[in-house]
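Chemist: Below is the structure I would like to discuss, written out as structure tokens.
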Amino acid sequence: MKKTFSSLALGIGTSLLAGTALADGVTLRALMEDVPETTIIESMLPEFEKKTGIKVEFEKVGYGDMHDKLVAQLVSGESDYNLLEVDFLWAGEFPAAGWLEDLKPYAEKTGFDMSALIPSTMELLGNTEDFMPQVPMYNYSMGLIYRTDLLNDPDLKAAYKSETGQELAAPKTLEEYVQIAKFMKAQGKVNGAAMQGQKGDPNAMEFSNYLFSAGGEYLDADGKVVLASEAGEKALTLYKDAINNAAQTGALSATLDDTMRLMCSGEAFSMVTYWWMLPQIDNAESCPDVAGKVALSVMPGGHGESGGWGWGIAKNVPQEEKDAAWTFITWVQSKDVAVARALQGHAPVRADVYTDAEVLAKYPFYKDAMAVVESGKSFPIFTYSAQYEDTLGTQVSLAASGDATVTDALQAAATGLTDLMNK
641 MKKTFSSLAL
651 GIGTSLLAGT
661 ALADGVTLRA
671 LMEDVPETTI
681 IESMLPEFEK
691 KTGIKVEFEK
701 VGYGDMHDKL
711 VAQLVSGESD
721 YNLLEVDFLW
731 AGEFPAAGWL
741 EDLKPYAEKT
751 GFDMSALIPS
761 TMELLGNTED
771 FMPQVPMYNY
781 SMGLIYRTDL
791 LNDPDLKAAY
801 KSETGQELAA
811 PKTLEEYVQI
821 AKFMKAQGKV
831 NGAAMQGQKG
841 DPNAMEFSNY
851 LFSAGGEYLD
861 ADGKVVLASE
871 AGEKALTLYK
881 DAINNAAQTG
891 ALSATLDDTM
901 RLMCSGEAFS
911 MVTYWWMLPQ
921 IDNAESCPDV
931 AGKVALSVMP
941 GGHGESGGWG
951 WGIAKNVPQE
961 EKDAAWTFIT
971 WVQSKDVAVA
981 RALQGHAPVR
991 ADVYTDAEVL
1001 AKYPFYKDAM
1011 AVVESGKSFP
1021 IFTYSAQYED
1031 TLGTQVSLAA
1041 SGDATVTDAL
1051 QAAATGLTDL
1061 MNK
């Protein structure tokens, strides 16, 4: 295993726009996922061009089209995309193929401070003390969003106490969470959990939260596959229980959009999901049935799935374009710009943005969001991470539907991971 990133004490931005004169007139082109985060940054691009003379053009596409479009350019003689938005699932593949510039020398040369970036967001993208292929862009770690009004309902509290002998309160363990979710479903008013059980990315990401919360891991410190463990069995058993006895009808084929709709309409008690969905759900205009009645927490058990995007620079482009791309990265990830993005709904990667007074005044829950991000653990990052989502998702689906035993499915998922890592 590579030595993991701890910190880069590089001294904050002594020359944030160093080399701008040389880059004046350069056009940066980036293939971007068509999501609100991209729109937020896009609205700020005229400010950057005015400051630097560097024009930035975003080509926005759906996530499913991004990987292949990027790879086609990165394997060519010269990439049309010189500024790169890279998903964490490609953070093993792209550097291994030699497609990404090492950004550490750029940071050292310009004095850009990386220490404000939350360590988990750096590790997620394959950064080490010796090699920095990406700078974190935004985060989508997962936690638990739940209904506080249902937890505080006197009738539900009395019924739960009568049934279990315990107080109805926010769950502290994975077992407690599944128990409460099943109880809520049994009351007949709401689904206990809105779950994204479609095999592939949806259920692979969702199950990862159960695994980490149960104390399980995909890999140990030496890089050995340890998924088929006692903790792994507990996680998959509880996941199967939840999707069959707490979730909505059709959960095994549901996606993130389905869970969002259920939670927003007041048809679910909870959802294990990306933390940045809270402001969308806690919105009186878009979700009037639940706004003011929801809260966010770290996944019960202490750790959820961590995910995120990073900025990279294509290796197969002229140096002046690389310099311009670095100028943009240091600008867009500077504190002032990151705060401005956060005030529009950005999911930050800088600790000082989560603690900024103006941000907290608008979004008090960012205090809880920071805990979700800091405690997040990563899906295995290697050349075939994206393919492993499908392998894992298939086995989780087989176990959840009863077409495979938990033990067999878990072993098959572990074997699949070992095979892909040895490929």
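Residue numbering for the sequence shown follows our numbering, starting at 641 and increasing by one per position.
For each residue, glycine too, the CB sits at the ideal point set by N, CA and C.
Beta-carbon within less than 6 Å of residue 866's beta-carbon, same chain only, minus the 5 sequence neighbours each way: which residues are those?
Modeler: Reading the sequence shown from its first residue, position 226 is the one you call residue 866. Only 857 and 860 meet the Cβ criterion.
Chemist: Going by CA-CA distance only, name the one from 1031, 1057 and 977 that's closest to residue 681.
Modeler: Here the question's residue 681 lines up with position 41 in the sequence shown. Residue 977 is the option with its Cα nearest to residue 681.
Chemist: State the DSSP-derived secondary structure class of residue 738, mapped to helix, strand or coil.
Modeler: In the sequence shown, the residue the question calls residue 738 occupies position 98. Here residue 738 sits in coil by DSSP.
Chemist: Where does residue 661 sit, in a helix, a strand or coil, going by DSSP?
Modeler: For the purposes of this step, residue 661 is taken as the residue at position 21 of the sequence shown. Model confidence at residue 661 stands at a pLDDT of 44, short of 50, so the residue's coordinates are unreliable; what they give is reported in the following sentence. Note: residue 661 maps to helix in three-state DSSP.
Chemist: Would you kindly check if the distance between the Cβ of residue 943 and the Cβ of residue 853 is under 8 Å?
Modeler: Position 213 of the sequence shown holds residue 853. Position 303 of the sequence shown holds residue 943. Cβ distance < 8 Å, so residue 853 and residue 943 count as in contact.
Chemist: Evaluate residue 826 with the Cβ neighbour count: other Cβ atoms within 10 Å of its Cβ, from every protein chain shown; 16 or more gives buried, anything less gives exposed.
Modeler: As a first step, residue 826 must be located in the sequence shown, where it is residue number 186. Its Cβ having fewer than 16 others within 10 Å, residue 826 is exposed.
Chemist: Answer yes if the stretch 769 to 783 comes into contact with the stretch 979 to 990, meaning at least three C-beta pairs across the two stretches below 8 Å, and no otherwise.
Modeler: Touching, per the Cβ criterion.
Chemist: Could you give the DSSP three-state label for residue 685: helix, strand or coil?
Modeler: Numbered from 1 along the sequence shown, position 45 holds the residue referred to as residue 685. Residue state, collapsed to three classes: helix.
Chemist: Residue 1082 lies in the alpha helix (DSSP H); which residues open and close that run?
Modeler: What the structure shows of the chain is the stretch from 641 to 1063, and residue 1082 is not part of that stretch, so it cannot be assessed.
Chemist: For residue 806, count neighbouring Cβ atoms within 10 angstroms of its own Cβ and tell me buried if that reaches 16, exposed if not.
Modeler: Your numbering for residue 806 matches position 166 in the sequence shown. With fewer than 16 other Cβ atoms within 10 Å, it is exposed.
Chemist: Take residue 1013 as the anchor and find which of 923, 945, 792 and 1047 has the nearest alpha-carbon.
Modeler: Reading the sequence shown from its first residue, position 373 is the one you call residue 1013. Checked all of 923, 945, 792 and 1047; the closest Cα to residue 1013 is 945.
Chemist: Taking just the CA atoms, how far does residue 941 sit from residue 668?
Modeler: As a first step, residue 668 must be located in the sequence shown, where it is residue number 28. As a first step, residue 941 must be located in the sequence shown, where it is residue number 301. Each residue's alpha carbon lies about 43 Å from the other.
Chemist: Cutting at 6 Å between CB atoms, please list the residues of its own chain near residue 797, excluding the five before and the five after it.
Modeler: Residue 797 sits at position 157 when you count from the first residue of the sequence shown. Taken in chain order, the residues that qualify are 808.
Chemist: Closest to residue 971 by C-alpha separation, out of 1003, 727 and 686, would be which residue?
Modeler: Start at 1 with the first residue of the sequence shown, and residue 971 comes out as number 331. The shortest C-alpha separation from residue 971 is found at 686.
Chemist: Once the 5 residues before and after residue 938 are set aside, which same chain residues still bring their CB inside 6 Å of it?
Modeler: Here residue 938 refers to the residue found at position 298 of the sequence shown. 783, 1011, 1012 and 1015.
Chemist: Compare the C-alpha of residue 1069 against each of 930, 979 and 1026 and name the closest.
Modeler: Because the chain in this structure spans residues 641 to 1063, residue 1069 falls outside the shown range and cannot be described.
Chemist: On the CB-based measure, 16 or more other CB atoms within 10 Å of its CB, does residue 733 come out buried or exposed?
Modeler: One-based indexing of the sequence shown puts residue 733 at position 93. Label assigned to residue 733: buried.
Chemist: Flag residue 1022 as yes when its Cβ comes closer than 7 Å to any non-hydrogen atom of the ligand HEM, and as no otherwise.
Modeler: No copy of the ligand HEM occurs in the structure displayed, which carries no ligand at all.
Chemist: If the criterion is Cβ atoms closer than 8 Å, does the pair residue 894 and residue 835 meet it?
Modeler: Stepping through the sequence shown from its first residue, residue 894 is reached at position 254. Stepping through the sequence shown from its first residue, residue 835 is reached at position 195. It is a contact, given that the beta carbons lie within the stated cut-off.
Chemist: Spatial neighbours of residue 982 within its chain, please: C-beta separation below 6 Å, excluding the five flanking residues on both sides.
Modeler: For the purposes of this step, residue 982 is taken as residue 342 along the sequence shown, with counting starting at 1. These residues qualify, in order along the chain: 988, 993 and 999.
Chemist: Taking C-alpha atoms, which residue in 745, 841, 711 and 828 lies nearest to residue 1083?
Modeler: There is no way to answer for residue 1083, as the model of the chain reaches only from 641 to 1063.
Chemist: I'd like to check one pair, residue 719 with residue 957: are the Cβ atoms closer than 8 Å?
Modeler: By 1-based counting over the sequence shown, the position of residue 957 is 317. By 1-based counting over the sequence shown, the position of residue 719 is 79. Contact flag set, yes.
Chemist: Leaving out five residues before and five after residue 1044 in sequence, what residues of the same chain have Cβ atoms less than 6 Å from its Cβ?
Modeler: Counting from 1 along the sequence shown, the entry for residue 1044 is found at position 404. Closer than 6 Å at the Cβ level, and outside the excluded window around residue 1044, lie 1038.
Chemist: What's the gap between the Cα of residue 724 and the Cα of residue 952?
Modeler: Taking the sequence shown and counting its residues from 1, the one referred to as residue 724 is at position 84. Taking the sequence shown and counting its residues from 1, the one referred to as residue 952 is at position 312. Going by the C-alpha atoms only, they are around 5 Å apart.
Chemist: With burial defined as no fewer than 16 other Cβ atoms inside 10 Å of the residue's Cβ, what is the status of residue 722: buried or exposed?
Modeler: Locating residue 722 in the sequence shown gives position 82, counting from the first residue. Buried: at least 16 other Cβ atoms inside 10 Å.
Chemist: Can residue 877 and residue 1036 be called in contact, C-beta distance under 8 Å?
Modeler: Residue numbering aside, residue 877 sits at position 237 when the sequence shown is read from its first letter. Residue numbering aside, residue 1036 sits at position 396 when the sequence shown is read from its first letter. No. Outside cutoff.
Chemist: Give me the Cα-Cα distance between residue 761 and residue 771, rounded to the nearest whole angstrom.
Modeler: Mapped onto the sequence shown, residue 761 falls at position 121. Mapped onto the sequence shown, residue 771 falls at position 131. Roughly 15 Å separates the two Cα atoms.
Chemist: Quick one: residues in its chain with C-beta nearer than 6 Å to the C-beta of residue 642, no 5 flanking neighbours on either side, listed in chain order?
Modeler: Counted from its first residue, the sequence shown places residue 642 at position 2. For residue 642, the predicted structure reports a pLDDT of 32, less than 50, and the residue's modelled location is therefore unreliable. A value from the coordinates is still provided. Contacts found: 768.
Chemist: Looking at the unbroken beta strand (DSSP E) that takes in residue 758, where does it start and where does it end?
Modeler: Here residue 758 is taken as the residue at index 118 of the sequence shown, counted from 1. No beta strand (DSSP E) holds residue 758; DSSP gives it neither H nor E.
Chemist: Where residue 1098 and residue 800 are concerned, what is the direct C-alpha to C-alpha distance, given to the nearest angstrom?
Modeler: With the chain covering only 641 through 1063, there is no way to say anything about residue 1098.
Chemist: Could you tell me if residue 701 is buried or exposed, where buried requires 16 or more neighbouring beta carbons within 10 angstroms of its beta carbon?
Modeler: As a working note, residue 701 is residue 61 in the sequence shown. Exposed, by the Cβ-count rule.
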